[in-house]
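Below is one structure, written out as C-alpha cells, with a few remarks after it.
Protein chains: 2
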Amino acid sequence: MTERLEAQIAFLSEADKLKSVLRASRLHDGSRFENSAEHSWHVMLYAYVLADQADPAVQIDRVLKMLLLHDIVEIDAGDNPIHGVVDKAAQDAQEQAAADRLFGLLPDDQRASFRALWEEFEAAQTPDAIFAKSIDRLQVPVGNLANGGGSWRDYNVTLAQLEARVGTPIRRGAPGLWDWILPRLKGFFAKSPS
Amino acid sequence: MTERLEAQIAFLSEADKLKSVLRASRLHDGSRFENSAEHSWHVMLYAYVLADQADPAVQIDRVLKMLLLHDIVEIDAGDNPIHGVVDKAAQDAQEQAAADRLFGLLPDDQRASFRALWEEFEAAQTPDAIFAKSIDRLQVPVGNLANGGGSWRDYNVTLAQLEARVGTPIRRGAPGLWDWILPRLKGFFAKSPS
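Chains as they are written, first to last, in my numbering: chain A, 1 to 194; chain B, 195 to 388.
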C-alpha cells in the first residue's frame with residue numbers, strides 16, 4: 001500500500017507544474033496570462049454549470065474527470081495556442097510521450113484508466129468527449145469578450161478563423177452555446193476589424 | 195433559456211476572479227504563492243487519485259463537485275490562512291454574504307444546489323464532506339515538504355500546531371494519509387526547529 005501511495009503522491013507532486021504552464025489566453029481583467037491548472041478548474045466549473053446544454057447521453061461526472069486531466073500532458077509538451085502555427089504530428093508525438101511519462105508515474109490501474117480518459121478526450125468521438133471539447137473551446141471567447149480581444153488581437157484572428165477553429169467544436173458539443181455567443185462575436189469583430 | 199444562460203455566464207465570468215485570490219501556500223518549486231483556482235484544481239486531482247483512501251460510503255463524484263466549489267466564496271471573503279489569526283465569527287459572516295452574492299448570480303435551482311453543496315462541505319459532517327476536507331488539508335503539507343517549509347516558516351508553525359489543525363481533519367477523513375505523512379513531518383520538524 002505504501003508503494004502505491006508513494007506513486008500517487010509522486011504524480012500529484014509532478015502535477016503541481018501545470019500551474020507554471022502559461023496559455024495564450026488572459027484573465028478576464030486582462031492582468032496576466034492564464035495558466036493551465038486554473039484554466040482546468042475554470043472549464044470544469046463551466047461544464048458543471050452548463051451541463052443542461054449537453055446531449056442527454058452525456059455523463060457530466062465523466063466530463064469533469066476528463067477536464068480534470070485534459071491538460072496534464074502540457075507539463076512536458078507545453079500549451080499549443082489554437083491560433084498559433086503548429087506541427088500537428090510533432091505536437092501529437094510530444095503529447096504521447098508526455099502521457100507515457102506523466103501517467104506512468106501512477107500505479108498501473110490508474111495509469112491505464114487516466115490514460116484512457118485522456119485519449120477519449122483527445123479523440124473527441126464519444127458524447128462525453130465531444131461535450132468536454134466544446135466547453136474547453138468556449139471559455140476563451142467568453143474571456144476575450146471580457147478583456148477586449150486578448151489572444152484574438154495577439155494572433156490577428158478573424159471571425160472566419162474563429163468560426164472554423166472554435167465554432168466547429170462548440171457547435172458539435174453544445175449548439176445552444178454557439179448560438180448564444182456567435183452574435184456577440186460578430187458584434188465584437190464588427191467594431192474591431194482584425 | 196437565454197435569461198438562464200446569461201445568469202450562468204455571469205457567474206462563470208465572476209468566478210474568473212478566484213484566479214487572483216492568493217493563498218499562504220507556495221508552489222512546490224517555491225517560486226510564488228498559489229492562487230485559489232489552481233489550488234481547487236489540484237485538490238480535485240488529489241481527491242480523484244487518492245479516492246481509495248476514502249471510506250466506502252464516500253461518493254467521489256460528489257467530493258469532486260464540492261472541491262470545485264469550495265473556495266468560490268473567497269472571491270469576496272478572501273483566503274484565511276489556517277495558521278493565521280482569524281476572527282471566526284467575522285469570517286463566517288463574510289463567507290455567508292459572499293455565498294449569497296456569488297451563488298445568487300446563478301439561476302434559482304443551481305443557486306440552491308450549489309449553496310447546499312458548499313454548506314455541506316463547510317459543515318464537514320457527511321462522509322463526502324469529511325473526505326473532501328481531509329484532502330483539502332493534505333495538499334499544503336505535501337507542498338511544504340517539497341518547497342522547504344513554505345507557510346510553516348512564514349507563520350512559525352510547530353509540529354504540535356500542525357497535528358491539531360491539519361492532522362485532526364486529515365485523520366478524520368483519510369487516516370491512511372495521515373499515517374503516511376506524519377513521519378515525514380516529524381523528520382522535517384526534527385531537522386528544522388520551528
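Ideal Cβ placement from N, Cα and C applies to all residues, glycine included.
Counting only C-beta atoms, is residue i closer than 8 Å to chain A at any point?
i: Y349/B; result: no
i: W346/B; result: no
i: I203/B; result: yes
i: S388/B; result: Unreliable positioning characterises S388/B in this predicted model, as indicated by a pLDDT of 48, which lies under 50. A coordinate reading is not provided.
i: K380/B; result: no
i: W372/B; result: no
i: V336/B; result: yes
i: D322/B; result: no
i: A231/B; result: yes
i: Q304/B; result: yes
i: E268/B; result: no
i: L206/B; result: yes
i: L221/B; result: yes
i: K213/B; result: yes
With a cut-off of 8 Å on the beta carbons, I'd call residue i and residue j a contact; round off their distance for me.
i: H277/B; j: R359/B; result: 7 Å
i: V267/B; j: A251/B; result: Not quite, the Cβ-Cβ distance comes to about 27 Å (not below 8 Å), so this is no contact.
i: V142/A; j: S230/B; result: About 20 Å; that fails the 8 Å criterion.
i: L67/A; j: S40/A; result: 6 Å
i: I329/B; j: L244/B; result: 7 Å
i: Q59/A; j: G176/A; result: Incorrect: roughly 19 Å between the Cβ atoms, too far for contact.
i: V21/A; j: D79/A; result: 6 Å
i: F131/A; j: D55/A; result: 7 Å
i: L339/B; j: R295/B; result: Actually they are not in contact, since the Cβ atoms of L339/B and R295/B sit about 37 Å apart, beyond 8 Å.
i: A204/B; j: P301/B; result: Incorrect: roughly 10 Å between the Cβ atoms, too far for contact.
i: E38/A; j: E232/B; result: 4 Å
i: L311/B; j: L263/B; result: 6 Å
Against chain B, does residue i count as a neighbour if the rule is that its beta carbon must be under 8 Å from one of theirs?
i: G30/A; result: no
i: A98/A; result: no
i: V49/A; result: yes
i: H42/A; result: yes
i: K133/A; result: no
i: E120/A; result: no
i: L117/A; result: no
i: V63/A; result: no
i: A15/A; result: yes
i: A195/A; result: The shown model of chain A, from 1 to 194, leaves out residue 195/A, and the question about it has no answer.
i: E34/A; result: yes
i: A146/A; result: yes
i: L45/A; result: yes
i: S196/A; result: Coverage of chain A is limited to positions 1 through 194, which leaves residue 196/A absent and any answer about it impossible.
i: L68/A; result: yes
i: L5/A; result: yes
Mapping DSSP to helix, strand and coil, what is residue i?
i: N147/A; result: helix
i: V360/B; result: helix
i: T196/B; result: helix
i: A354/B; result: helix
i: A190/A; result: helix
i: A77/A; result: helix
Closer than 8 Å is the cut-off here; do at least three beta carbon pairs connect the stretch 9 to 23 of chain A with the stretch 210 to 223 of chain B? yes
Do the stretch 345 to 354 of chain B and the stretch 376 to 386 of chain B meet, that is, are 3 or more Cβ pairs less than 8 Å apart? yes
Unbroken beta strand (DSSP E) runs of length 3 or more, entirely within the stretch 198 to 266 of chain B: which are they? 216 to 220 and 227 to 229
Is the stretch 301 to 309 of chain B touching the stretch 238 to 251 of chain B, taking contact as three or more C-beta pairs under 8 Å? no
Hey, which unbroken runs of the alpha helix (DSSP H) at 4 residues or more fall wholly within the stretch 79 to 143 of chain A? 88 to 103 and 108 to 123
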